[in-house]
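Undergrad:
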Amino acid sequence: MRVSPAFVFDTNVFVSLALFPGPVIKHAFEKAEALGEIVLSYDTLSELVEVLLRKKFDKYLSVEDRLTFISRVETRYRVIKTTSTITDCRDRKDNILLELAVDVSASCLITGDLDLLDLHPYHGIAILKASDFLQGFSG
């Protein structure tokens with residue numbers, strides 16, 4: 000049985016999908032789903048909930064719509080408990096994404112965060128902006 004490639008999306012990319020769903024972000028998610036599966040950890044999901052429910056986003060999308068988005072993410076994508084402990088990222092809070100990517104042997108981590116992008120590739124895992132993932136990633 001062949002295992003589907005795993006893809007990890009940074010919280011900032013999920014937030015963009017929820018609040019400003021432009022074609023690049025939408026197509027990046029579609030491509031990842033077509034190639035394999037999108038995986039979150041309980042830590043990254045918790046971060047997504049915390050970030051999306053910030054008051055500053057009220058002007059873009061209602062709390063109800065943001066909660067609906069979170070619910071869709073929880074049901075559509077696999078959520079796992081990570082076991083790795085990684086401290087390689089300059090921004091410590093981004094280590095949860097590296098831990099997830101390593102634990103699922105991700106093919107790619109999609110982000111707009113320079114602290115993560117500077118680590119490309121990380122233990123054989125591509126770390127790319129959504130636009131670069133669309134243009135150049137083939138698995």
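Residue numbers for the sequence shown follow numbering that gives the first Met the number 0, beginning at 0 and rising by one.
C-beta: ideal position from N, C-alpha, C; glycine also.
Since we're looking at a predicted model, the values are computed, not measured.
For the 8 Å Cβ check, are there 3 or more pairs between the region 48-57 and the region 107-118?
TA: No, they do not touch.
Undergrad: Considering only residues of the same chain and omitting the five flanking positions on each side of Val103, which have a CB-CB separation below 8 Å?
TA: Only Ala5, Val7, Val38 and Ile79 meet the Cβ criterion.
Undergrad: Could you pull out every residue in the same chain whose Cβ sits closer than 7 Å to the Cβ of Leu97, ignoring the five residues on either side in sequence?
TA: Closer than 7 Å at Cβ, skipping near neighbours: Ile85, Asp87, Cys88 and Tyr121.
Undergrad: For Lys25, which residues from the same chain have a beta carbon less than 8 Å from its beta carbon, with the 5 sequence-adjacent residues on both sides left out?
TA: Result list for Lys25: Leu16, in chain order.
Undergrad: What are the complete alpha helix (DSSP H) segments, minimum 4 residues, inside the region 24-59?
TA: Counting whole runs of 4 or more residues, the region 24-59 contains the alpha helix (DSSP H) stretches 41-51.
Undergrad: What does a CB cutoff of less than 7 Å around Ile69 pick up in its chain, not counting 5 residues either side in sequence?
TA: The answer, listed in chain order, is Leu47, Val48 and Leu51.
Undergrad: How would you label Thr10, buried or exposed, when you count the other beta carbons within 10 angstroms and need 16 or more for buried?
TA: Result: buried.
Undergrad: Quick one: residues in its chain with C-beta nearer than 7 Å to the C-beta of Ser83, no 5 flanking neighbours on either side, listed in chain order?
TA: So the list reads Glu98, Val101 and Asp102, once near-sequence residues are dropped.
Undergrad: What number of angstroms, rounded off, separates the C-alpha of Ile95 from the C-alpha of Asp131?
TA: Each residue's Cα considered, the two are about 22 Å apart.
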